[in-house]
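Residue numbers (this note's numbering), protein chains in the order written: chain A, 402 to 747; chain B, 402 to 747.
Below, the structure is given as structure tokens:
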């Protein structure tokens with residue numbers, strides 16, 4: 402089955418959900434262009450989720466995707482928080498931040514019954530998950546209106562597990578991909594494969610459509626992914642300069658610069674491994690620091706640093722999410738980019 | 402220019418040079434099948450090099466490639482050697498090895514004037530390098546008989562540097578690739594890109610043929626690499642089970658097993674980062690251990706452990722080099738594999 406048949410779309414292009422840098426505007430533009438627009442929901446309250454879904458409903462009658470994280474929230478660990486804040490103390494001093502004002506809380510909520518209730522009002526055609534899948538009763542809830550279910554795999558083992566749970570398609574998230582890695586069956590980062598190796602092996606091993614993601618940024622990349630047997634692609638980074646994305650000015654500037662040649666997986670901004678452009682915090686603490694608390698608990702202590710630095714026009718403390726191929730980033734309308742991505746296909 | 406035109410071959414497939422698991426037999430078979438066979442020379446003495454080249458000359462009149470390392474040998478560091486051997490001491494005890502019998506020496510010699518003199522007797526059509534390029538006078542020597550010169554790049558910066566030095570083609574060695582990474586302008590492993598992202602960016606930035614390597618293991622992979630704009634591919638892992646390779650029985654068994662799903666970059670076997678199947682030594686010391694001496698000085702202390710374990714039928718201490726996609730490994734003649742790799746091209 403082609404991805405277009407599975408998802409009832411024209412072009413085999415999913416716009417990757419990217420929390421923090423896009424909302425309904427980008428999703429609407431991509432869906433209207435014939436791809437599958439995605440709304441990242443990991444940082445949306447139920448009310449905000451409803452508001453975004455209402456906007457999408459008004460903006461398009463095409464299928465769209467809503468994406469949720471489904472991590473198991475870690476136990477609060479005050480000692481780990483204290484150690485993390487102690488490591489960051491020189492930066493609080495530098496930026497004149499009172500650490501006692503740091504908010505607590507996770508910042509990202511896994512998919513839950515409240516979110517499911519909101520979705521039921523809108524019955525989105527596609528629901529995708531990151532970090533595995535939610536509990537069976539929640540997944541059954543999503544299936545109740547016939548939504549197609551996708552999730553990301555970063556290893557063959559994860560892909561086989563997702564297939565065993567009855568997903569409709571698997572996103573092969575290669576190591577090149579920007580943002581959070583969907584890794585969920587292991588913490589061993591040496592298991593993570595490049596898009597080329599991962600896509601080909603998932604295609605060979607699964608009886609499901611495989612959607613390639615990571616490093617795909619132009620029409621030739623899409624064509625190559627299809628040659629590997631992918632049913633379609635998921636593209637994120639290339640959309641970051643589109644006017645419909647909410648990417649910050651600082652983030653846009655970095656993406657358009659030579660600095661974007663060097664990305665790394667980092668756990669500094671959330672606690673979980675995610676790929677972004679190497680910046681000052683990553684250089685000084687190392688992109689992966691053992692004192693960063695469990696995902697997503699690292700976020701709160703970084704937030705005031707990020708806010709203060711960004712107010713001064715600096716991305717030194719910002720997660721500058723990007724994949725390993727930023728050559729596709731162009732300040733063009735998302736509809737144009739979507740059509741260009743699919744332009745080399747028959 | 403196509404790679405076939407550049408190298409005067411029929412099929413755009415280079416068999417990757419793989420020291421320790423192949424010699425002239427594999428190179429001859431691949432060249433005779435229309436690809437470019439490669440002789441790994443990093444561990445050959447001048448006499449052994451001459452003997453292998455004589456065999457190739459007898460075995461084929463087609464072009465072939467000779468591959469050399471061109472690292473700068475590190476200063477001997479007795480303290481580092483002692484620390485490394487101290488870390489390995491429990492294994493010496495377990496395998497009843499007297500550490501005082503450990504040979505010293507590097508095990509791998511960079512390309513030098515002696516090797517050049519041997520090459521002049523044979524004038525191989527292609528000479529490829531790993532870890533950059535040799536000194537200009539050595540490179541001029543190679544150019545003297547019109548050999549085409551290739552070298553590996555693992556980042557855009559390395560590729561641009563190689564182009565500035567006048568190489569005839571650049572091998573884009575993606576992170577998926579097995580064996581030693583050709584990284585030479587930095588030690589920062591976060592710079593290393595997946596094949597998908599690296600190939601596409603090198604194709605866009607260079608005025609030279611780009612040869613994709615890493616994770617390419619079958620006809621669809623070759624087709625995908627060409628869709629990314631590669632002029633050809635370099636394939637190693639898929640050849641490891643061919644009868645013409647000298648891959649050990651232990652290595653073959655691992656490659657055909659599920660263990661091969663999990664490879665990692667490790668510095669334990671030579672001191673330099675190289676990708677192999679995760680085995681006991683890598684699990685117990687971590688695939689990357691700070692006590693491993695500089696490349697290639699880690700080799701000598703591992704050698705007796707490897708020999709003793711292999712004599713017992715164990716690969717616990719062997720470098721089980723492999724890329725991230727071992728699905729293409731098949732016990733078929735190298736000629737057949739070469740033709741299959743090119744079979745999806747027009």
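A virtual CB, placed ideally from N, CA and C, is assigned to each residue, including glycine.
Residue i versus residue j: straight-line alpha-carbon distance, rounded
i              : j              : result
residue 542(A) : residue 467(A) : 14 Å
residue 448(B) : residue 425(B) : 14 Å
residue 709(A) : residue 710(B) : 57 Å
residue 476(A) : residue 732(B) : 50 Å
residue 406(A) : residue 422(A) : 29 Å
residue 681(A) : residue 446(B) : 47 Å
residue 678(B) : residue 615(B) : 15 Å
residue 697(A) : residue 482(A) : 12 Å
residue 687(B) : residue 408(A) : 43 Å
residue 427(A) : residue 524(A) : 19 Å
residue 577(B) : residue 501(A) : 45 Å
residue 438(B) : residue 637(A) : 39 Å
residue 454(B) : residue 474(B) : 25 Å
residue 596(A) : residue 720(B) : 24 Å
residue 604(B) : residue 612(B) : 9 Å
residue 663(B) : residue 458(A) : 44 Å
residue 581(A) : residue 673(A) : 7 Å
Cβ shell of residue i (< 6 Å), same chain only, five flanking positions each side left out
i              : result
residue 609(A) : 564, 570, 571
residue 504(B) : 701
residue 703(B) : 670
residue 451(A) : 519
residue 593(A) : 555, 576
residue 739(B) : 414, 431, 434, 436
Option in the options with minimal Cα separation from residue i
i              : options                        : result
residue 607(A) : 535(A), 586(A), 573(A), 504(A) : 573(A)
residue 586(A) : 612(A), 556(A), 598(A), 596(A) : 556(A)
residue 499(B) : 735(B), 724(B), 460(B), 706(B) : 706(B)
residue 620(B) : 682(B), 407(B), 414(B), 691(B) : 414(B)
residue 495(A) : 655(A), 718(A), 598(A)         : 718(A)
residue 745(A) : 660(A), 455(A), 622(A)         : 622(A)
residue 657(A) : 508(A), 729(A), 634(A), 720(A) : 729(A)
residue 417(B) : 440(B), 409(B), 411(B)         : 440(B)
residue 431(B) : 490(B), 515(B), 410(B)         : 410(B)
residue 589(A) : 552(B), 684(B), 497(B)         : 684(B)
residue 526(A) : 540(A), 471(A), 652(A), 464(A) : 464(A)
residue 521(A) : 624(A), 544(A), 652(A)         : 544(A)
residue 549(A) : 533(A), 562(A), 567(A), 560(A) : 567(A)
residue 530(B) : 695(B), 562(B), 472(B)         : 472(B)
residue 511(A) : 654(A), 490(A), 533(A)         : 533(A)
Contacts that residue i makes with chain B (C-beta to C-beta distance below 7 Å)
i              : result
residue 663(A) : 592
residue 630(A) : 621
residue 635(A) : The premise fails here: residue 635(A) is roughly 13 Å from chain B at the closest Cβ pair, so nothing lies under 7 Å.
residue 582(A) : Residues of chain B passing the Cβ test: none, with the nearest at roughly 13 Å.
residue 657(A) : Result: empty, since nearest Cβ-Cβ is about 15 Å, beyond 7 Å.
residue 602(A) : 726, 728
Contact set between residue i and chain A, taken where Cβ atoms lie within less than 7 Å
i              : result
residue 596(B) : 595, 597
residue 480(B) : Near residue 480(B) there are no residues of chain A at all, since even the closest Cβ is about 25 Å away, more than 7 Å.
residue 416(B) : Within 7 Å Cβ-Cβ: nothing; residue 416(B) doesn't reach chain A, min ~18 Å.
residue 430(B) : Simply none; closest approach about 24 Å.
Cross-chain neighbours of residue i in chain B, by beta carbon under 9 Å
i              : result
residue 660(A) : Those within 9 Å of residue 660(A) in chain B number zero; the least Cβ separation is about 13 Å.
residue 420(A) : Residues of chain B passing the Cβ test: none, with the nearest at roughly 22 Å.
residue 639(A) : Those do not exist, as residue 639(A) stays about 12 Å from chain B at its closest Cβ, beyond 9 Å.
residue 624(A) : 625, 628, 629
Where residue i meets chain B, residues with beta-carbon distance less than 8 Å
i              : result
residue 605(A) : 728
Sequence-distant residues of its chain with Cβ nearer than 7 Å to residue i (five each side left out)
i              : result
residue 460(A) : 425, 429
residue 626(A) : 600, 613, 617, 634
residue 558(B) : 586
residue 661(A) : 655, 678, 723, 727
Residue i: CB within 7 Å of a non-hydrogen atom of the ligand FMN
i              : result
residue 469(A) : As for the ligand FMN, it is missing from this structure, which has no ligand bound.
Contact set between residue i and chain A, taken where Cβ atoms lie within less than 8 Å
i              : result
residue 588(B) : None at all; the shortest Cβ gap to chain A is about 14 Å.
Any C-beta of chain A within less than 9 Å: which residues of the stretch 691-720 of chain B qualify? Cβ contacts with chain A come from no residue of the stretch 691-720 of chain B.
Anything in the stretch 723-744 of chain A with a Cβ closer than 8 Å to a Cβ of chain B? List those residues in chain order, please. Within the stretch 723-744 of chain A, contact with chain B at the beta-carbon level (separation under 8 Å) is assigned to 724, 725, 726, 728.
For the stretch 609-621 of chain A, enumerate the residues whose C-beta is nearer than 9 Å to any C-beta of chain B, in chain order. Here the close residues are 613, 615, 616, 617, 618, 619, 621.
By the 9 Å beta-carbon criterion, what residues does the stretch 554-576 of chain B contribute toward chain A? Of all residues in the stretch 554-576 of chain B, only 556, 557, 558, 575, 576 come within less than 9 Å of chain A when Cβ atoms are compared, listed by chain position.
Got a sec: which bits of the stretch 675-692 of chain A sit with their beta carbon under 8 Å from any beta carbon on chain B, in order along the chain? Answer in chain order: 679, 688.
For the stretch 485-518 of chain B, list every residue whose C-beta sits within 9 Å of some C-beta in chain A, in sequence order. Taken residue by residue, none of the stretch 485-518 of chain B has a beta-carbon sitting less than 9 Å from a beta-carbon on chain A.
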